[in-house]
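Read top to bottom, the protein sequences are chains A and B.
Residues in the first sequence are numbered consecutively from 1, following the working numbering.
Residues in the second sequence are numbered consecutively from 84, following the working numbering.
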Amino acid sequence: MELPADVIYGDVILRITGNHEIIIANHKGILLYTQEEIAVACKKFTVRIYGEDLHIRYFSGCDMKVLGKLNRIDYLSNGDLCC
Amino acid sequence: MLLKLLRYVIGYLKVEVRGFAPERLMNLIIENDIVVWDVEVAKGGYIFYTGRKNLMKMKPLLQRTNVKMHILSKHGLPYVIKRNQKRAFFVAGFFACGFVVYVLSLFIWEVKLCGEETLISNNMLKEIEREFVPLGTRKSAIDCNDLERRLRSRYDEIAWISCDIRGTTLTISLEEGIKPQETTRKIKSGDLVATKDATITKMITREGTPVSKVKDSVKKGDVLISGTIYIYDDFNEIMETDYLVADGDIYGTVKETYEDSVKMQYYSKVYEEHEKKYYTFFLFDYCFTPYVPKSFGDTCDSSTQIKKAKLFSDFYLPMGVKKTVLKRYRLKQETYTRQEAEAILKRRLEEKIKSFEEKGVEIIKNNVKIVDVKEEGVMRATGTLILNEKIAGLKELNPISRTDEER
């Protein structure tokens, strides 16, 4: 039986629409939130979103929606937040 | 949209959190399944919206993270109710007013008539309000198709009619046609007789036996086309008599006497500038006049203007105001000049001729002359009009005379 990776490994799912909207599912919490930068903790790594005028439209235990002008998305290993 | 409505009903707050590591608070909020939305970054913290009941759930989290929370604004129905508790009667009145308007909207409070002038001037509107749709009739009790049918059978002149209910207004649109002639189908047999003394100019017989011919002079009541048909045998004796409704067009010249007069001296009303006004308020059939001015007596004209209250263009209410204006006048004796009196008489004669022409009557000769009778103080128009018109009318055959004849 083939199960999706997010179910088996608890991987994060990022759904990006253009450069103005991103939906992050399977996250583990917010590490940093400013208008230029949002860091979201995931199971294996940290997703770091850079942009302008970023704001969280909604968030819950399983997903969150970020709006704003997205410039860059980085994947960092856990513990590398400060670099 | 539904979500917004739900949030409004339940009530929500805009809060600001500040302190050391507000991100930690946000993560705890996620862990505790507390819904927040529209999270914005503020100086040293965040601003977000959350539900009214979530505030209590957040309290222990705030203590744990040492973050301070400020309520910026409160939104939603529970807060509106709380704010307006002192105005409970106002709110109750508002809803009561809405209920009354709803109840009033179930009835007809205005009937409008659009169409030709003749029927409307014949008080059709009043008859409709009296017999068919009295003001205050329930809208559900009115069947527009049935009303159209009833009105059409009541007024023969109606060529086309449409009834429409909008708001509390019943609009009847109609087109007037020519009133159909009385049906002759009920009459089993009849003669066409002369309705006036005349000389026949044209005669078309469709059914029956012609008794008169063109150029005959006939008197009122003379039979022109008989409805009796005799069938002869070979020996020229009446074998059978048949009765039917005589039919045909018979035109004849008729002498019509015309007489009209205008008194040279007449009274005209000279209105004074001073006028009195008063207002009457009405609700259903109840009227209330706060102030009635002293009457001018008999020498005054009064005009009343009724203004019904309405919410929208077709949403009339059974209340309003009547404005009555009393205008005083005095009678002044005046005299027509010869030219004025002549003009009046000529105008009336022209109107008479026009009414003949509308009926399809041809005017062959006009001998009317205008005479000034100074002794009597009148201007008189007298003379004769020679007309060419239909002179036949149906007269039912008397059953007794029929049986006598048969014998």
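Note that CB positions come from ideal geometry on N, CA and C, so glycine has one too.
Along chain A, in chain order, which residues have C-beta atoms closer than 9 Å to that of residue i?
{"i": "N110(B)", "result": "K28, G29, I30, L31 and A41"}
{"i": "Y91(B)", "result": "Ordered by position in chain A, no residue passes the 9 Å Cβ test against Y91(B), which lies about 17 Å from the chain."}
Under 9 Å, Cβ to Cβ, is there at least one residue of chain B near residue i?
{"i": "F59(A)", "result": "yes"}
{"i": "H20(A)", "result": "no"}
{"i": "I16(A)", "result": "no"}
Give a yes or no on whether the minimum CB-CB distance between residue i and chain A is below 9 Å.
{"i": "F103(B)", "result": "no"}
{"i": "I113(B)", "result": "yes"}
{"i": "E116(B)", "result": "In the sequence as presented, Glu is not what sits at residue 116(B); that position holds Asp. Output row for D116(B): interface = yes."}
{"i": "F131(B)", "result": "yes"}
For residue i, go through chain B and note every residue whose CB falls closer than 9 Å to its CB, in chain order.
{"i": "T34(A)", "result": "V124"}
Measuring only the C-alpha atoms, how far is residue i from residue j?
{"i": "L14(A)", "j": "Q35(A)", "result": "19 Å"}
{"i": "H20(A)", "j": "F173(B)", "result": "47 Å"}
{"i": "I191(B)", "j": "G219(B)", "result": "5 Å"}
{"i": "T372(B)", "j": "K405(B)", "result": "9 Å"}
{"i": "E73(B)", "j": "S60(A)", "result": "Limits of chain B in this structure are 84 at one end and 490 at the other, which puts residue 73(B) out of reach."}
{"i": "V100(B)", "j": "V12(A)", "result": "28 Å"}
{"i": "L187(B)", "j": "C180(B)", "result": "10 Å"}
{"i": "K69(A)", "j": "R135(B)", "result": "31 Å"}
{"i": "D63(A)", "j": "I16(A)", "result": "13 Å"}
{"i": "E52(A)", "j": "K126(B)", "result": "16 Å"}
{"i": "R213(B)", "j": "L394(B)", "result": "25 Å"}
{"i": "N26(A)", "j": "F182(B)", "result": "51 Å"}
{"i": "T252(B)", "j": "F367(B)", "result": "16 Å"}
{"i": "S396(B)", "j": "I130(B)", "result": "47 Å"}
{"i": "M84(B)", "j": "W120(B)", "result": "15 Å"}
{"i": "K140(B)", "j": "K390(B)", "result": "60 Å"}
{"i": "L196(B)", "j": "L208(B)", "result": "7 Å"}
{"i": "N450(B)", "j": "A464(B)", "result": "10 Å"}
{"i": "S438(B)", "j": "C370(B)", "result": "44 Å"}
{"i": "E342(B)", "j": "T278(B)", "result": "21 Å"}
{"i": "T387(B)", "j": "I427(B)", "result": "31 Å"}
{"i": "E2(A)", "j": "I23(A)", "result": "25 Å"}
{"i": "F45(A)", "j": "I30(A)", "result": "13 Å"}
{"i": "Y75(A)", "j": "Y9(A)", "result": "17 Å"}
{"i": "A281(B)", "j": "F215(B)", "result": "45 Å"}
{"i": "K525(B)", "j": "I321(B)", "result": "With chain B covering only 84 through 490, there is no way to say anything about residue 525(B)."}
{"i": "N115(B)", "j": "N137(B)", "result": "10 Å"}
{"i": "L477(B)", "j": "A329(B)", "result": "8 Å"}
{"i": "G460(B)", "j": "G198(B)", "result": "44 Å"}
{"i": "S300(B)", "j": "K452(B)", "result": "27 Å"}
{"i": "G380(B)", "j": "D305(B)", "result": "57 Å"}
Taking residue i as the query, report the chain A residues whose CB atoms sit under 7 Å from its CB, ordered along the chain.
{"i": "W120(B)", "result": "R57 and Y58"}
{"i": "E106(B)", "result": "I30, L31, L32 and Y33"}
Counting Cβ pairs, one atom from each stretch, are 3 or more of them under 8 Å apart for the region 222-239 of chain B and the region 285-293 of chain B? no
List in chain order: all unbroken alpha helix (DSSP H) runs of 4+ residues lying wholly within the region 224-294 of chain B. 227-237
Touch check for the region 150-165 of chain B and the region 86-96 of chain B: three-plus C-beta pairs under 8 Å? yes
Using 8 Å as the cut-off, can you tell me whether the region 141-151 of chain B makes contact with the region 103-123 of chain B, which would need three or more C-beta pairs spanning the two stretches below that distance? yes
Is it the case that the region 315-332 of chain B contacts the region 355-372 of chain B, given that we only count it when at least three CB pairs across the two stretches are under 8 Å? no
Please confirm if the region 357-371 of chain B is in contact with the region 397-417 of chain B, defined as three or more CB-CB distances below 8 Å between the two stretches. yes
Does the contact criterion of 3 or more C-beta pairs under 8 Å hold for the region 465-472 of chain B versus the region 430-447 of chain B? yes
Let me know the alpha helix (DSSP H) ranges lying completely inside the region 392-443 of chain B, each 4 residues or longer, listed in chain order. 421-441
So, do the region 242-251 of chain B and the region 268-277 of chain B have three or more beta carbon pairs nearer to each other than 8 Å? no
In chain order, each beta strand (DSSP E) run of at least 3 residues that lies wholly inside the region 86-150 of chain B: 95-102, 119-125 and 128-134
Just checking, does the region 339-350 of chain B make contact with the region 412-427 of chain B on the three C-beta pairs under 8 Å criterion? yes
Whole runs of the beta strand (DSSP E) within the region 333-391 of chain B, excluding any shorter than 3 residues: 348-366 and 369-371
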